[in-house]
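A.B. asks: Submitted below is the structure of interest, expressed as structure tokens.
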Amino acid sequence: GDSVTQMEGPVTLSEEAFLTINCTYTATGYPSLFWYVQYPGEGLQLLLKATKADDKGSNKGFEATYRKETTSFHLEKGSVQVSDSAVYFCALSDMNSNSGYALNFGKGTSLLVTP
Amino acid sequence: ETGVTQTPRHLVMGMTNKKSLKCEQHLGHNAMYWYKQSAKKPLELMFVYNFKEQTENNSVPSRFSPECPNSSHLFLHLHTLQPEDSALYLCASSQGTSGRQETQYFGPGTRLLVL
């Protein structure tokens with residue numbers, strides 16, 4: 030079945046450091062790929078998404094490129110801020126015979142940015 | 025403000041209690057979801073409703089009973105829960121018509137503790 034694997038956290042970085050959070054997936058179909066972010070005490074929010082190969086999703090300085098050949102969707106940011114401290118979830122959406130297009134999430138990667 | 029609200033935000037209940045979680049979306053969406061978020065585990069999809077019809081029951085124990093009276097409201101009725109059911113319960117909604125590209129919008133969650 031479909032699955033998402035993302036790097037284990039926590040990741041601790043200094044402010045203005047470069048961020049990469051790895052995400053790889055397996056899917057039987059042609060999924061859409063998402064990054065969601067969860068700030069402390071809140072629900073998940075969509076950060077960015079890509080719906081076809083070589084698409085780049087971007088938002089708030091974060092980027093991720095849909096790489097079909099390596100089945101990856103790594104999240105990057107050139108210069109992190111303290112306010113980026115959160116848990117980041119990689120997810121895919123693919124056709125599921127039972128529930129239509131349900132989201133399949135990774136375990137989440139906790140990011141802590143220190144001043 | 026995500027447009028998806030959940031009440032209560034926190035709930036403590038004994039194993040013999042009956043309680044209900046409520047979710048309301050103000051986005052005009054047609055699909056609603058319940059997820060369970062436990063520490064160190066991926067988000068688990070529990071139930072999916074599309075146009076008020078349940079389309080997914082992801083092997084969830086019968087002590088969890090969903091109800092979707094209309095496309096804006098979703099309930100999760102709880103009875104005779106176990107301590108391992110303690111978790112953050114997240115509600116989400118989506119358009120329901122856009123296939124695998126669809127973004128889900130999450131509420132802030134209900135933090136449930138079963139004693």
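Line by line, the protein sequences are chains A and B.
Be aware that the first sequence starts at 30, since it is given in the numbering used here, and climbs by one per residue.
Be aware that the second sequence starts at 25, since it is given in the numbering used here, and climbs by one per residue.
Built from N, CA and C at the ideal position, the CB exists for glycine as well.
Please report the distance separating the alpha-carbon of A:G58 from that of A:P144.
C.D. replies: Start at 1 with the first residue of the first sequence, and residue 58 of chain A comes out as number 29. Start at 1 with the first residue of the first sequence, and residue 144 of chain A comes out as number 115. Those two C-alpha atoms are separated by around 43 Å.
A.B. asks: Which class does B:R87 belong to by DSSP, given the choice of helix, strand or coil?
C.D. replies: Here residue 87 of chain B is taken as the residue at index 63 of the second sequence, counted from 1. Note: B:R87 maps to coil in three-state DSSP.
A.B. asks: Beta-carbon within less than 8 Å of A:K85's beta-carbon, same chain only, minus the 5 sequence neighbours each way: which residues are those?
C.D. replies: For this step, residue 85 of chain A is matched to residue 56 along the first sequence. Same-chain partners within the cutoff: A79, E92, A93, T94, Y95.
A.B. asks: Can you give me the Cβ contacts of A:S108 inside the same chain, cut-off strictly under 6 Å, excluding the 5 residues immediately before and after it?
C.D. replies: Residue mapping note: residue 108 of chain A aligns to position 79 of the first sequence, counting from 1. Excluding sequence neighbours, A:S108 sits near E45.
A.B. asks: In chain B, which residues lie less than 9 Å from A:E71 when you measure between Cβ atoms?
C.D. replies: Residue numbering aside, residue 71 of chain A sits at position 42 when the first sequence is read from its first letter. Within 9 Å Cβ-Cβ: T26, F130, P132, G133.
A.B. asks: Check whether the Cβ atoms of A:L132 and A:C52 sit closer than 8 Å, and answer yes or no.
C.D. replies: Counting from one through the first sequence, the residue named residue 132 of chain A turns up at place 103. Counting from one through the first sequence, the residue named residue 52 of chain A turns up at place 23. The answer is no: Cβ separation not under 8 Å.
A.B. asks: Assign A:T41 to one of two classes, buried (16 or more other C-beta atoms within 10 Å of its C-beta) or exposed (fewer than that).
C.D. replies: As a first step, residue 41 of chain A is located in the first sequence; it is residue number 12 there, counting from the start. The residue in question, A:T41, is exposed, as its Cβ has fewer than 16 Cβ neighbours within 10 Å.
A.B. asks: If we define contact as Cβ-Cβ less than 8 Å, is A:A82 a contact residue for chain B?
C.D. replies: In the first sequence, the residue the question calls residue 82 of chain A occupies position 53. For A:A82, the answer is no, since every Cβ of chain B falls outside 8 Å of its Cβ.
A.B. asks: Tell me, please, which residues DSSP counts as bridged to A:M36.
C.D. replies: As a working note, residue 36 of chain A is residue 7 in the first sequence. Paired residues: none, contrary to the question.
A.B. asks: Select from A:S43, A:A56, A:T49 the residue whose C-alpha is nearest the C-alpha of A:D23.
C.D. replies: Nothing can be reported for residue 23 of chain A, as the shown portion of chain A is limited to 30 through 144.
A.B. asks: Mind checking which residues open and close the beta strand (DSSP E) that includes B:N81?
C.D. replies: As a first step, residue 81 of chain B is located in the second sequence; it is residue number 57 there, counting from the start. Segment 77–81, the beta strand (DSSP E) holding B:N81.
A.B. asks: Determine the direct distance from the alpha carbon of B:K43 to that of A:D123, and round the result to whole angstroms.
C.D. replies: Reading the first sequence from its first residue, position 94 is the one you call residue 123 of chain A. Reading the second sequence from its first residue, position 19 is the one you call residue 43 of chain B. Going from the Cα of A:D123 to the Cα of B:K43 covers about 33 Å.
A.B. asks: Should B:M39 be labelled buried (16 or more other beta-carbon atoms within 10 Å of its own) or exposed?
C.D. replies: Counting from 1 along the second sequence, the entry for residue 39 of chain B is found at position 15. It counts as exposed.
A.B. asks: Alpha carbon to alpha carbon, what distance is there between B:S95 and B:E77?
C.D. replies: Numbered from 1 along the second sequence, position 53 holds the residue referred to as residue 77 of chain B. Numbered from 1 along the second sequence, position 71 holds the residue referred to as residue 95 of chain B. Those two C-alpha atoms are separated by around 9 Å.
A.B. asks: Are the CB atoms of A:L140 and A:G72 nearer to each other than 8 Å?
C.D. replies: Counting from 1 along the first sequence, the entry for residue 140 of chain A is found at position 111. Counting from 1 along the first sequence, the entry for residue 72 of chain A is found at position 43. No, the Cβ-Cβ distance between A:L140 and A:G72 is not below 8 Å.
A.B. asks: Here's a check: name, in chain order, each residue in its chain whose Cβ is nearer than 6 Å to the Cβ of B:K46, leaving out the five neighbours to either side.
C.D. replies: Taking the first residue of the second sequence as 1, we reach residue 46 of chain B at position 22. Excluding positions up to five away in sequence, the list reads T31, F99.
A.B. asks: Taking buried to mean at least 16 other C-beta atoms within 10 Å of its own C-beta, is B:P132 buried or exposed?
C.D. replies: For this step, residue 132 of chain B is matched to residue 108 along the second sequence. Looking at its Cβ environment, which holds 16 or more other Cβ atoms inside 10 Å, B:P132 is buried.
A.B. asks: Mind listing the chain B neighbours of A:K97? Cutoff is C-beta to C-beta under 8 Å, in chain order.
C.D. replies: Walking along the first sequence from the start, residue 97 of chain A turns up at place 68. Under the 8 Å cutoff, chain B gives no residues; its nearest Cβ is about 14 Å from A:K97.
A.B. asks: Within 8 Å of any Cβ in chain B, is that where the Cβ of A:D123 sits?
C.D. replies: For the purposes of this step, residue 123 of chain A is taken as the residue at position 94 of the first sequence. So yes, A:D123 belongs to the interface.
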